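Protein chains in written order, with my numbering: chain A, 1045 to 1168; chain B, 75 to 185.
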């Protein structure tokens, strides 16, 4: 099971920080883990993914603003998105990546387990 | 505007067959990247139905099937049931954008 947590309201220009608690499975056991968001205006968007050793892949659209990290001691991974605007208002999902293929620059796969999602609103 | 194109809506009567197309280009589906399909019920997270073009995920009824050809992919649902009423999304990878890409979603209405 995956469960997102974090503030539901973030002010413009501030940082959006979310965590994903993973239960029933160790984040170190050979899967990538990722963040996807869904907004009415842009549908589903992959933000990025991380492996337990810290290897990350990011959507270039977010690359300058996003950091995904993993804490193996807590069995969780996190999302930080800086300088948010109203366009970052969305439901944010954490997920496990199944069927992953990764090389130096490419990560492909699909999400086979999802958290229930958490709505983050960017507003003053 | 989504990189992968899906019709906004499709409909069918119970027991019928519906096809949901997903149109891409030579930088995603046409480049050979796998296509995956998700079902999203209202208020819930997406759930994978089909992965790697045509593999049915564990527990998914065999009424659901997927295929890929050229720059397009399709999800077919046979023997439509009321519980199939949901939004369906395709997903792949695009090597020009260097990111996962999703279709805009298709709302299936069971008449």
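From the three backbone atoms N, C-alpha and C, an ideal C-beta is built for every residue, glycine too. Since we're looking at a predicted model, the values are computed, not measured.
Practice problem: Note down, in chain order, every chain B residue with its Cβ under 8 Å from the Cβ of residue 1158 of chain A. | Solution: 119, 120, 121
Quiz item: Got a sec: which bits of the segment 1119–1145 of chain A sit with their beta carbon under 7 Å from any beta carbon on chain B, in order along the chain?
Solution: 1137, 1142, 1143
Self-check item: C-alpha distance - residue 1110 of chain A paired with residue 1091 of chain A, whole-angstrom precision
Solution: 8 Å
Quiz prompt | Any beta strand (DSSP E) of 3 or more consecutive residues that is wholly inside the segment 103–174 of chain B | solution = 110–114, 121–125, 138–143, 146–151, 160–168
Self-check item: Backbone secondary structure at residue 1065 of chain A - three-state DSSP
Solution: strand
Quiz item: Just how far apart, CA to CA, sit residue 181 of chain B and residue 87 of chain B?
Solution: 14 Å
Quiz item: Smallest Cα separation from residue 189 of chain B: which of B:120, B:111, B:116?
Solution: Because chain B in this structure spans residues 75 to 185, residue 189 of chain B falls outside the shown range and cannot be described.
Quiz item: If you measure beta-carbon to beta-carbon, which residues of the segment 1085–1097 of chain A are closer than 8 Å to chain B?
Solution: 1087, 1088, 1089, 1090
Quiz item: If residue 161 of chain B sits next to residue 184 of chain B, beta carbons under 8 Å apart, how far is it from one beta carbon to the other, in whole angstroms?
Solution: Residue 161 of chain B to residue 184 of chain B, Cβ: 13 Å. No contact.
Quiz item: Looking at the structure shown, is residue 1132 of chain A part of a helix, part of a strand, or coil, going by DSSP?
Solution: helix
Quiz item: Less than 8 Å separating the beta-carbons of residue 1134 of chain A and residue 1083 of chain A?
Solution: yes
Practice problem: Would you tell me roughly how many angstroms separate the C-alpha atoms of residue 1063 of chain A and residue 120 of chain B, rounded to the nearest one? | Solution: 19 Å
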